[in-house]
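Student: Quick one: the structure is below, and I'll ask about it shortly.
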Amino acid sequence: MSALTLLDYASVLIFALTGALVASRQQLDIVGFAFVACLTAVGGGTLRDVLLDRNPVFWLGNPDYILIACAAALLVFFTAHLVESRYRLLLWLDSFALAVAVPAGVSAAMTMGQSGVIVVLMGMVTGCMGGLMRDVVCNEVPLVLKQGELYVTAAFAGALAAVSVAMFTGDPLIVLAVCAATTWALRAGSLAFGWRLPAYRARPPRS
Amino acid sequence: MSALTLLDYASVLIFALTGALVASRQQLDIVGFAFVACLTAVGGGTLRDVLLDRNPVFWLGNPDYILIACAAALLVFFTAHLVESRYRLLLWLDSFALAVAVPAGVSAAMTMGQSGVIVVLMGMVTGCMGGLMRDVVCNEVPLVLKQGELYVTAAFAGALAAVSVAMFTGDPLIVLAVCAATTWALRAGSLAFGWRLPAYRARPPRS
Amino acid sequence: MSALTLLDYASVLIFALTGALVASRQQLDIVGFAFVACLTAVGGGTLRDVLLDRNPVFWLGNPDYILIACAAALLVFFTAHLVESRYRLLLWLDSFALAVAVPAGVSAAMTMGQSGVIVVLMGMVTGCMGGLMRDVVCNEVPLVLKQGELYVTAAFAGALAAVSVAMFTGDPLIVLAVCAATTWALRAGSLAFGWRLPAYRARPPRS
Numbered sequence: 567m568s569a570l571t572l573l574d575y576a577s578v579l580i581f582a583l584t585g586a587l588v589a590s591r592q593q594l595d596i597v598g599f600a601f602v603a604c605l606t607a608v609g610g611g612t613l614r615d616v617l618l619d620r621n622p623v624f625w626l627g628n629p630d631y632i633l634i635a636c637a638a639a640l641l642v643f644f645t646a647h648l649v650e651s652r653y654r655l656l657l658w659l660d661s662f663a664l665a666v667a668v669p670a671g672v673s674a675a676m677t678m679g680q681s682g683v684i685v686v687l688m689g690m691v692t693g694c695m696g697g698l699m700r701d702v703v704c705n706e707v708p709l710v711l712k713q714g715e716l717y718v719t720a721a722f723a724g725a726l727a728a729v730s731v732a733m734f735t736g737d738p739l740i741v742l743a744v745c746a747a748t749t750w751a752l753r754a755g756s757l758a759f760g761w762r763l764p765a766y767r768a769r770p771p772r773s
Numbered sequence: 567m568s569a570l571t572l573l574d575y576a577s578v579l580i581f582a583l584t585g586a587l588v589a590s591r592q593q594l595d596i597v598g599f600a601f602v603a604c605l606t607a608v609g610g611g612t613l614r615d616v617l618l619d620r621n622p623v624f625w626l627g628n629p630d631y632i633l634i635a636c637a638a639a640l641l642v643f644f645t646a647h648l649v650e651s652r653y654r655l656l657l658w659l660d661s662f663a664l665a666v667a668v669p670a671g672v673s674a675a676m677t678m679g680q681s682g683v684i685v686v687l688m689g690m691v692t693g694c695m696g697g698l699m700r701d702v703v704c705n706e707v708p709l710v711l712k713q714g715e716l717y718v719t720a721a722f723a724g725a726l727a728a729v730s731v732a733m734f735t736g737d738p739l740i741v742l743a744v745c746a747a748t749t750w751a752l753r754a755g756s757l758a759f760g761w762r763l764p765a766y767r768a769r770p771p772r773s
Numbered sequence: 567m568s569a570l571t572l573l574d575y576a577s578v579l580i581f582a583l584t585g586a587l588v589a590s591r592q593q594l595d596i597v598g599f600a601f602v603a604c605l606t607a608v609g610g611g612t613l614r615d616v617l618l619d620r621n622p623v624f625w626l627g628n629p630d631y632i633l634i635a636c637a638a639a640l641l642v643f644f645t646a647h648l649v650e651s652r653y654r655l656l657l658w659l660d661s662f663a664l665a666v667a668v669p670a671g672v673s674a675a676m677t678m679g680q681s682g683v684i685v686v687l688m689g690m691v692t693g694c695m696g697g698l699m700r701d702v703v704c705n706e707v708p709l710v711l712k713q714g715e716l717y718v719t720a721a722f723a724g725a726l727a728a729v730s731v732a733m734f735t736g737d738p739l740i741v742l743a744v745c746a747a748t749t750w751a752l753r754a755g756s757l758a759f760g761w762r763l764p765a766y767r768a769r770p771p772r773s
């Protein structure tokens, strides 16, 4: 099994869990859980594949992805009430999903021999768009755009790190590991320690 | 005219009527009516065609679809005030659109020889995504995700019924009729009699 | 540089500025600015290219578009506080972006020899969809659907004017200039003088 396939599986599984958790906040039924889980799980990768004209779209060529997402939805439907703070769990699961999906996007674009800018963008699209679709459809404030948190920034830094490291080594495992570690470190640091970039202020204090 | 073409026409027409009804709730002008009607009418089928890489997208190959959607928008613009309860009408029209669009998606995927999982998914995408786009763009609570109603479930059951029946008969008309009937029966039963699946509850009563 | 390339560049630049302005209303950080700017800048054209199956999508073939959008985001991040009324600026910039993006869509479809209906639709998709994505993602009321303003109507009229003029002249510069001028005149007239079409009223006065 190639690194890309493995990353796709992992990101589908974890994103599906986050989708099902959002569905639990909306008190949907079991099919609604599966629907949101699948949308979140394959949304970013689907957009990546449509943009890169990869054919077929990854989950059309292998329906296992959908079955995994449905299994994740089922699991959350029957166990989410055991969790103390579902929103906290959602945030942390989402950080892992991001840290797996960004290298998945990077890997897909690199395999096709795309330029550095495109590789970075595909990493960001794959990492951020599934969660964005989940939040837009379920009418939550998109995590992607939450003020004062690193999210798109973490995806950007991870993808950039991958492109930088790829200049020095041809080993995809090292490249993807650096990508995942950078992405997750920044996102987790933002969640745990409040790391952030300065946000825009309409009236900044004069320096 | 093939069954698929006929189903596409019917689903475009009925979804366009629902789109125009939502536009009337937003008090848009006539071009706004046509815009929302077209988005709703072709949204699901377009996503299906892009995912399956069908070329060209169905309404690009035959602009009649767009003209039908615009005619539907015009009709609603001038007659919607005659209707007692527009929201009730919207719900019921939407149920017919769903029951026509799901077999349209199923039929397109079957014609391409896709596997059972993909056929079911394409039925759900074609049936649910146009209405979802309509509701997201117009800032309505998506019908797809409304609590305590069968919607995605109806689409899922209809598509599953089609795949099951297709194992026993090669006649597409029977397959598509079973699909449409199952979908509509579940959706209509949910609207008329409150049929539902148990929804997720954060603190379920102990059994 | 072809007229289409030039139009794409200009619409990317101006739409990116509007995206960054919306990001400033959401008080995002610098990467958030770039994200919303890129989404707005390439959203409409990307949808156009995916629908028309143009390959590769315009910004994948030439990453300069993304760099331009990021530069625009940077500019707005550091200068937006100098502007008296950011929303007013946003509306007017958006009108210019619309007037450039509609001919960009029209031009792409005409180059491919599409029929008149498709050309008009691609003009509308390219012009309206980027701004719509921006507003949906950032949870603003979509400009596209704002009551009592010409927006989709302006795009429609501009694209229709282009198709009409193209029957009499083969010079793409004239066609695209008429398209841009018509679009902008209607949109600007709506902003400045309140031009509008009659909107739907649930209970219209009897005539």
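Those sequence lines, one after another, are chains P, H and R. For the first sequence, the working numbering gives the first residue as 567, with consecutive numbering after it. For the second sequence, the working numbering gives the first residue as 567, with consecutive numbering after it. For the third sequence, the working numbering gives the first residue as 567, with consecutive numbering after it. Beta carbons: idealized from backbone N, C-alpha and C, even for Gly. Since the structure is predicted, the reported quantities are computational estimates derived from the model, not experimental observations.
1. Please report whether the beta-carbon of V616 of chain H lies at a distance below 8 Å from any beta-carbon of chain R.
2. What in chain P is Cβ-close to V623 of chain R, meaning under 7 Å?
3. Are the CB atoms of V649 of chain P and L641 of chain P within a distance shorter than 8 Å?
4. Around the Cβ of M678 of chain H, are there at least 16 other Cβ atoms within 10 angstroms (buried) or fewer (exposed)?
5. Which chain H residues are close to L698 of chain R, counting only those with a beta carbon under 8 Å from its beta carbon?
6. Does any C-beta atom of chain B lie closer than 8 Å to the C-beta of T719 of chain H?
7. Answer with yes or no whether the minimum CB distance from D574 of chain R to chain P is below 8 Å.
8. Which residues in chain P sit within 7 Å of I740 of chain H, going by Cβ to Cβ distance?
9. Compile a chain-ordered list of the residues in the region 574-590 of chain H whose CB is closer than 8 Å to at least one CB of chain R.
10. State yes or no: is the C-beta of L774 of chain P within less than 8 Å of the C-beta of A638 of chain P?
11. Among the residues of its own chain, which have a CB less than 7 Å from the CB of A646 of chain R, if the five just before and after it don't count?
12. Pick helix, strand or coil for D595 of chain H, following the three-state DSSP scheme.
13. Quick one: does F734 of chain P have its CB under 8 Å from some CB of chain H?
14. Say whether the region 656-667 of chain P touches the region 574-586 of chain P, bearing in mind that this needs 3 or more beta-carbon pairs closer than 8 Å, one atom from each stretch.
15. Which chain H residues are close to V602 of chain R, counting only those with a beta carbon under 8 Å from its beta carbon?
16. State the Cα-Cα distance for the pair F722 of chain H and V707 of chain H, rounded to the nearest angstrom.
17. Please return the same chain residues whose Cβ sits closer than 6 Å to the Cβ of R772 of chain H, not counting the five positions on each side in sequence.
18. Going along chain P, which residues have a C-beta under 9 Å from F722 of chain H?
19. How long is the line joining the alpha carbons of T749 of chain P and Y717 of chain P, rounded to whole angstroms?
20. Looking at L626 of chain R: is its Cβ nearer than 8 Å to the Cβ of L613 of chain P?
21. So which residues on chain P does Y643 of chain R lean against when the C-beta distance must stay under 9 Å?
22. Using CA coordinates, which residue listed in H:R753, H:G696, H:S730 is at the minimum distance from L742 of chain H?
23. For F624 of chain R, does the count of other Cβ atoms within 10 angstroms reach 16, so buried, or fall short, so exposed?
24. Report the rounded CA-to-CA distance for F601 of chain H versus D595 of chain P, giving the unit in angstroms.
25. Should G760 of chain P be labelled buried (16 or more other beta-carbon atoms within 10 Å of its own) or exposed?
26. Provide the residue(s) that pair with A746 of chain P in DSSP beta bridges, ordered along the chain.
27. Roughly how many angstroms lie between the CA atoms of E715 of chain H and V597 of chain P, to the nearest whole one?
28. Taking Cβ positions only, does A635 of chain H come closer than 8 Å to chain R?
29. The alpha helix (DSSP H) that contains T692 of chain H, what's its start and end?
30. How is the alpha helix (DSSP H) around A638 of chain H delimited, first residue to last?
31. For S568 of chain P, count neighbouring C-beta atoms within 10 Å of its own C-beta (all shown protein chains included) and say buried if the count is 16 or more, exposed if not.
32. I want to see whether chain R comes within less than 8 Å of A646 of chain H, judged by CB atoms only; does it?
33. With a threshold of 8 Å on Cβ separation, who are the neighbours of I684 of chain R within its own chain once the five nearest residues in sequence on each side are excluded?
34. Return no unless some Cβ of chain P is closer than 8 Å to the Cβ of L594 of chain R.
35. Note down, in chain order, each residue of its chain lying with its Cβ closer than 7 Å to the Cβ of V744 of chain P, except the 5 sequence neighbours on either side.
36. Does the separation of the CB atoms of M695 of chain H and G610 of chain H fall below 8 Å?
Tutor: According to the structure shown:
1. yes
2. L617
3. no
4. exposed
5. V703
6. The displayed structure is made up of protein chains P, H and R, and chain B is not among them.
7. no
8. Those do not exist, as I740 of chain H stays about 25 Å from chain P at its closest Cβ, beyond 7 Å.
9. A589, S590
10. Because chain P is modelled from 567 through 773, residue 774 of chain P falls outside the range shown and cannot be assessed.
11. L587, S590, R652
12. strand
13. no
14. yes
15. The contacting residues do not exist; V602 of chain R stays about 17 Å from chain H at best.
16. 21 Å
17. Here R772 of chain H scores only 46 on pLDDT, less than 50, and its place in the model is too uncertain to base an answer on.
18. V597, A600, F601
19. 9 Å
20. no
21. The question names Tyr, yet the displayed sequence has Phe at residue 643 of chain R. Neighbours of F643 of chain R on chain P, chain order: Y766.
22. H:S730
23. buried
24. 32 Å
25. exposed
26. Looking at the DSSP assignment, A746 of chain P forms no beta bridge with any residue, so it has no partner.
27. 11 Å
28. no
29. 682-703
30. 630-645
31. exposed
32. yes
33. A675
34. yes
35. A727, A728, V731
36. yes
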